[in-house]
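J.: Just dropping this structure here.
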Amino acid sequence: MTLSDDPKPDMVISLRYSNDHLSELKSQLEKLVLAIQSAGLLVQCRQGTRTSLLLFIKCPEARITQESQKSRLQDWLHGVRIANPDENLYRSIKSDPLTQAERLRLVYNLLTSPDGVGLTPKFGAWTMVESIFPLHDSEFDREWLHRISGKWAIDDHELDTIRAQFGEKIAYYFAFLQFYFLWLIIPSLVGIFSYIFLASYSIVFSISIGIWSMVFIEVWRRREIDLAVRWGVNGCSALNHQRAAFVAKKIHGIQDPTDQYLFFKQVLRRLAAVPVALIAGLVLTVILSVIFSIEVFLNEQFLLGKQKLYLRILTYLPTVLFAAIVPIFSKLYTSISQRLTIAEDHETDASFETAWTHKVFLLNFLTAYMSLFLTAYIYVPFGQQVVPKLDFLGLSDARATRFEINPNRLRHQLIYYLVTAQALNAVQQLVVPYLMGRATTHAKNLQTKITKKSQSNQDRKSEASFLERARNEANLPDYKIYTDFSEMVIQVCLLMIDSDYSVWIYRLIRHHLAYHTIMCIGQQSI
């Protein structure tokens, strides 16, 4: 395989190295290329940036056909597929062609499964392997973005197109996004009606939203099953492939030694993460409580009636503290939770992702709701007794000591989380990564200007533009669909408290921006 003959590799492997470890790079590269070729795959190596290499992987048609038939046969044996695949390989593929997503999944499994290459980026023998990713199909992305640019909803046939290109995980995300967006019309109308005709804290509003929430969840479950049957993946969780990083204990039986999965050790390892999560949750609760107390004290006691500029600047102190402390704590906890999840030695990628998601969601939940809980259950009922005691240093004047509870505080906080915070979150998830990616690429271009000149002379003219695109995509962040799902889960919980039509407008905007996120901002998902 040469890139000039076929500039559409199935997968790209990025290796990152330093000039101090060139001998280790040579050894690991030789081992990796040999393992890839032994798995029946074709490989080409090209220079990435000054300190990276790119391996372009292509699976021959005969090999991908064989893997496809084996995968479909396993699906049929486990009840995922209804029809028995044709024994003739080529006739089977002709009657039921491979989708792009299925092809990428099979190649990725060949690279990562223990029966194939056994690659796990940054782990074990592959410490220099930074990532494994497919390249974006630029032609499809442009055509699709143009196709849906004037639409506010997509049908099942368009979901099938997304599924064929990006896989079931991304297709399910857009299906839920579409379903959630349409169902938001009901609480938006209920919220508008309640605001105009009903009193504050109306029991009718609460019951209506409660009923909507239960019906919404149940109807989505039905929709989820319908899509699973439509796409032929109902019950596919029984076919999760074993992780290459999974370390099973060797049990010597009567005949042959076999790898066994010791359940009780797995349980003990998972229980070890419980105290870490509890301590992290407690520390974050204390941090957010202190910031909340400072904000209440400054705005409702110390700065009451004071107009001096240097004093009014103090109102931004809680925001500065939150921006300075919480992201650092979040990054530290995320790193620790990822290491704990790796130490739990999960057998499948699905189990690994689920365990890691549960740990990280604890942090997101506390960050999103702690301020609301403190306002609703501490400030409102006990504010008269608690808030004056915050001035234990006697900094406020006599007027400020006559504290009165602000009845609109909870409402203003809900509006902030439903409107302002959502907009800021969108900027953080979409605009910031795009700008950071452009800035990083520009900085690397400046840093390696001389090197790139020599690279451009070494690159074949027929490969130059393709290699430039591959190098740029290698620097893109890995897209985590969990982040978007987490945002919607938190948003649904807020909607149950206070329905706001602005959420429907926000989701309409995010519905279109989601396509740009997947196709332009991050690496293509597998």
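When we follow UniProt numbering, the leftmost residue of the sequence shown carries the number 1, and every step to the right adds one. We treat Cβ as the ideally placed atom computed from N, Cα and C, and that holds for glycine.
Return the CA-CA distance between Ile-162 and Val-247, expressed in angstroms with no decimal places.
T.: 35 Å
J.: Answer with buried or exposed for Val-229, where buried requires no fewer than 16 other C-beta atoms within 10 angstroms of its C-beta.
T.: exposed
J.: Could you please give the first and the last residue of the uninterrupted beta strand (DSSP E) stretch that includes Phe-133?
T.: 129-133
J.: What are the partner residues of Val-43, as DSSP defines its beta bridges?
T.: Ile-57
J.: Is Phe-292 closer than 8 Å to Leu-390 when the C-beta atoms are compared?
T.: no
J.: Buried or exposed: where does His-358 fall if 16 or more other Cβ atoms within 10 Å of its Cβ makes it buried?
T.: exposed
J.: Would you tell me roughly how many angstroms separate the C-alpha atoms of Leu-476 and Arg-460, rounded to the nearest one?
T.: 24 Å
J.: Go ahead and pull the three-state DSSP assignment for Trp-126.
T.: strand
J.: By Cβ distance below 6 Å, which residues in the same chain neighbour Leu-284 in space, the five residues on each side in sequence not counted?
T.: Around Leu-284: Leu-366.
J.: For the pair the segment 480-491 and the segment 173-182, tell me if three or more CB-CB distances fall below 8 Å.
T.: yes
J.: How close, in whole Å, do the beta carbons of Val-276 and Ile-336 come, if the pair is a contact with beta carbons under 8 Å?
T.: 7 Å
J.: Roughly how many angstroms separate the alpha carbons of Glu-24 and Pro-121, rounded to a whole number?
T.: For Glu-24 and Pro-121, the distance between alpha carbons rounds to 16 Å.
J.: Mapping DSSP to helix, strand and coil, what is Ile-405?
T.: Ile-405 falls in the coil class under three-state DSSP.
J.: What's the call for Ser-465, buried or exposed, on a 16-neighbour Cβ count within 10 Å?
T.: exposed
J.: Touch check for the segment 95-114 and the segment 124-135: three-plus C-beta pairs under 8 Å?
T.: yes
J.: For residue 535, count neighbouring C-beta atoms within 10 Å of its own C-beta (all shown protein chains included) and say buried if the count is 16 or more, exposed if not.
T.: In the structure displayed, the chain extends from 1 to 526; residue 535 sits before or after that span and is not available.
J.: Would you mind giving the Cβ-Cβ distance between Phe-197 and Leu-508, rounded to the nearest angstrom? I have them listed as a contact below 8 Å.
T.: Their Cβ separation, rounded to whole angstroms, is 25 Å, which puts Phe-197 and Leu-508 out of contact at 8 Å.
J.: For a test of the three-state rule: what should DSSP assign to Val-33, helix, strand or coil?
T.: For Val-33, the secondary structure class from DSSP, reduced to helix, strand or coil, is helix.
J.: Can you say whether Arg-46 is buried or exposed, counting buried as having 16 or more other CB atoms within 10 angstroms of its CB?
T.: If you draw a 10 Å sphere on the C-beta of Arg-46, you find 16 or more other C-beta atoms in it, and that means buried.
J.: At what residues does the alpha helix (DSSP H) containing Val-296 begin and finish?
T.: 273-297
J.: Apart from the five residues on each side of it in sequence, which residues of its chain come closer than 7 Å, Cβ to Cβ, to Arg-16?
T.: Closer than 7 Å at the Cβ level, and outside the excluded window around Arg-16, lie Thr-51, Ser-52, Met-128, Glu-130.
J.: Check whether the Cβ atoms of His-241 and Ser-113 sit closer than 8 Å, and answer yes or no.
T.: yes
J.: Runs of 4 residues minimum, wholly inside the segment 347-382: which ones carry the alpha helix (DSSP H) assignment?
T.: 349-374
J.: Classify Leu-198 as helix, strand or coil using the three-state DSSP reduction.
T.: DSSP places Leu-198 outside both helix and strand once states are collapsed to three, so it counts as coil.
J.: Mapping DSSP to helix, strand and coil, what is Arg-63?
T.: helix
J.: Is the beta carbon of Leu-54 closer than 8 Å to that of Ser-27?
T.: No, these two residues do not count as a Cβ contact at 8 Å.
J.: Thinking C-beta only, is Gly-232 closer than 8 Å to Arg-81?
T.: Yes, these two residues count as a Cβ contact at 8 Å.
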